[in-house]
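The opening residue of the sequence shown carries number 82 in this note's numbering; numbering runs sequentially from there.
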Amino acid sequence: MTELEVFQKSLEVSRATLVVSILLSLVSMVFAILGMAFQRSHNKRSLRPLCDLRLEATGEVYRLGLRNAGLGPLLLGSIDLIPGKGDVAGALSLEEVLKAALSPALRKKFPGLPGPGRILAPGEVVSLVEIPLDQAKAVLSLRKALEGLSLEVDFRDIYGRRFKEVRIL
């Protein structure tokens, strides 16, 4: 076997190795793309926000708030009060009800509602109203103003799906 024949055989082996490595890299890219597609479809179903509306008296505070109890971020839409059994035509603004029920001194402490587009991370809590329990008159006034109303929160997930949570107060 001459040097030229040995070089030709070596070149054929190098070409075969190149073709095999290209095929292996293409196959691995296909599997990586499929894995990412499966992961995304899984995330669409499982990374969903869950809005937990809370009206509670804990410690020294009477609180109306919401918490993202889901695994995905919650993109807040609107927060409305609905009178009666879901009469959407008569929707009230929570800020208007709070202004009517709370004294001016307490209203100054009230930071305002979170605006549309506010993002709540999983486990994050936002207080809509906090009143110290030692101010019993204000707590009773607020409870009377919220009696018979439903709190409705519209929100989205990161994939654009819309959700609505309603709690009778």
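C-beta atoms are modelled at their ideal positions from N, C-alpha and C, and glycine is treated no differently.
Backbone secondary structure at residue i - three-state DSSP
i    : result
V206 : strand
G241 : coil
R199 : coil
A150 : coil
G116 : helix
T83  : coil
R144 : strand
S91  : helix
S109 : helix
R129 : coil
L162 : strand
L187 : helix
V100 : helix
L157 : strand
G167 : Bear in mind that a pLDDT of 49 at G167, under 50, signals an unreliable position, so the number given afterwards is only what the model happens to contain. Of the three classes helix, strand and coil, the one that applies to G167 here is coil, per DSSP.
L250 : coil
L194 : coil
L134 : strand
S122 : helix
L175 : helix
Buried versus exposed, by CB contacts within 10 Å (16 or more), residue i
i    : result
L85  : exposed
I249 : exposed
I160 : buried
S231 : buried
F88  : exposed
G151 : buried
E141 : exposed
F119 : exposed
E233 : buried
L183 : buried
Residue from the options with nearest C-alpha to residue i
i    : options                : result
E252 : I103, S174, A226, L145 : Examination of residue 252 is not possible in this model, given that the chain is present from 82 through 250 alone.
G229 : L162, L104, L183       : L162
Y143 : E233, R224, K245       : R224
N149 : G140, A138, L134, P185 : L134
Neighbour flag for residue i against chain C, beta carbons, 7 Å
i   : result
T83 : Absence of chain C from the displayed structure is noted, only one protein chain being present.
Note to self: With a threshold of 8 Å, are at least 3 pairs of Cβ atoms found where one atom belongs to the region 202-210 and the other to the region 115-122?
What the structure shows: Output reads no: the region 115-122 does not touch the region 202-210.
Item checked: Ordered list of beta strand (DSSP E) runs contained in the region 212-238, each at least 3 residues -> Qualifying beta strand (DSSP E) stretches, in chain order: 230-237.
Check: Counting Cβ pairs closer than 8 Å, one from the region 126-138 and one from the region 146-158, do we hit at least three?
Finding: Taking a contact to require three or more Cβ pairs closer than 8 Å, the region 126-138 and the region 146-158 qualify as touching.
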